[in-house]
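J.: One structure follows; several queries about it will come next.
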Amino acid sequence: MTQESIILIVTTVSLAFIHTLTGPDHYLPFVVISKARNWTLKRTIWFTVLCGLGHVGSSVLLGLIGIAFGIAVSSLELWEGQRGSVISVLILAFGFVYFIWGVFRAVKNKPHRHIHSHGEAIHEHEHTHNNEHVHVHTQPANDKISITPWILFTIFIFGPCEPLIPLVMYPAAQNNTALLILVTLLFTLVTIGTMITLVVLALKGLSFLPMKKIERYNHALAGFTILLCGIGMVFFGL
38 MTQESIILIV TTVSLAFIHT LTGPDHYLPF VVISKARNWT LKRTIWFTVL
88 CGLGHVGSSV LLGLIGIAFG IAVSSLELWE GQRGSVISVL ILAFGFVYFI
138 WGVFRAVKNK PHRHIHSHGE AIHEHEHTHN NEHVHVHTQP ANDKISITPW
188 ILFTIFIFGP CEPLIPLVMY PAAQNNTALL ILVTLLFTLV TIGTMITLVV
238 LALKGLSFLP MKKIERYNHA LAGFTILLCG IGMVFFGL
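If you're matching positions, the sequence shown starts at 38 in our numbering and goes up one per residue.
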């Protein structure tokens, strides 16, 4: 392996880690949506991996198209930058709409308690005006399929991964297929691995906080957090 290849590999790993760590949109949305919807850790990790693959995969595809048609790196980076601007606005808009919906849901869904009897079994549960009450032996409402996570997934697919483009173009220019594959795999693994690590650490940290009293505001808090990510991306270039 040449010195240039070693430098490229080290650069790939470093950029993938820093790009993910400094981009709160790569992990905070998964944390807040997981908390808002009472997802298991396994489900949260699965969805994080799925979005990560979509995020990196779209830029890999764009890079391969550029390689096939001989498009210059500067042109691809310009396209990625424009795509990034659009996605930043979409995340901001998504967060705003989700926040407003979450506030409306919290206000409308103020709980009060009821006692029910089933033969000799008596249990107490919370009842809301927004949804029918859920008995202890039925499926929780949060397990139902929701469109909200899939909106986020779609945004991630079209979201650019700018640092990857020049990294894959160099080995392509050298006609080094093995190095091209290695760079792509390393960037993908480090990006998704960092996403998962940050999501898990954040969820573990939140588990120590007393969140029970603000549970009905979970969706509003999730929307507000995503909104803050969008604001950071649009106005501060995060």
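Each residue gets a CB set at the ideal place from its N, CA and C atoms; glycine is no exception.
All of these numbers come straight from a predicted model, not from anything done at the bench.
For Asn168 and Gly230, I'd like the C-alpha separation in whole angstroms.
T.: Here residue 168 refers to the residue found at position 131 of the sequence shown. Here residue 230 refers to the residue found at position 193 of the sequence shown. Model confidence at Asn168 stands at a pLDDT of 47, short of 50, so the residue's coordinates are unreliable; what they give is reported in the following sentence. Straight-line Cα distance between these residues: approximately 37 Å.
J.: Grab me the residues of Ile225's own chain with a C-beta within less than 6 Å of its C-beta, minus the 5 sequence neighbours each way, in chain order.
T.: To locate residue 225, count along the sequence shown from 1; it is residue 188. For the record, residue 225 in the displayed sequence is Thr; it is not Ile. Around Thr225: Val93.
J.: May I ask you to report which of helix, strand or coil DSSP gives Met248?
T.: Translated into positions along the sequence shown, residue 248 becomes position 211. Here Met248 sits in coil by DSSP.
J.: Let me check understanding here. Comparing Cα to Cα, which of Leu78, Ser42, Ile268 and Phe141 lies closest to His256?
T.: Taking the first residue of the sequence shown as 1, we reach residue 256 at position 219. His256 has its Cα closest to that of Phe141, out of Leu78, Ser42, Ile268 and Phe141.
J.: Considering only the beta carbon of each residue, do Pro208 and Leu216 sit closer than 7 Å?
T.: Reading the sequence shown from its first residue, position 171 is the one you call residue 208. Reading the sequence shown from its first residue, position 179 is the one you call residue 216. In this structure, the beta-carbon distance from Pro208 to Leu216 falls below 7 Å.
J.: CA-CA distance, Ala73 and Thr49?
T.: Here residue 73 is taken as the residue at index 36 of the sequence shown, counted from 1. Here residue 49 is taken as the residue at index 12 of the sequence shown, counted from 1. Approximately 34 Å, taken between the alpha carbons.
J.: Could you work out which residue in His56, Leu58, Pro66 and Gln40 is closest to Gly267 when comparing CA atoms only?
T.: Translated into positions along the sequence shown, residue 267 becomes position 230. Per the Cα distances, Pro66.
J.: Taking all protein chains shown into account, do 16 or more other C-beta atoms lie within 10 angstroms of the C-beta of Val227, making it buried, or fewer, making it exposed?
T.: The sequence position of residue 227 within the sequence shown is 190, counting from 1. Flag for Val227 reads buried.
J.: Run the CB neighbour count on Met38, radius 10 Å, all protein chains shown included, and call it buried at 16 or more, exposed below.
T.: As a position in the sequence shown, residue 38 is number 1, starting the count at 1. Looking at its Cβ environment, which holds fewer than 16 other Cβ atoms inside 10 Å, Met38 is exposed.
J.: Go ahead and label Phe245 buried or exposed: buried means 16 or more other beta carbons lie within 10 angstroms of its beta carbon, across all protein chains shown.
T.: If you number the sequence shown from 1, residue 245 lands on position 208. Exposed, by the Cβ-count rule.
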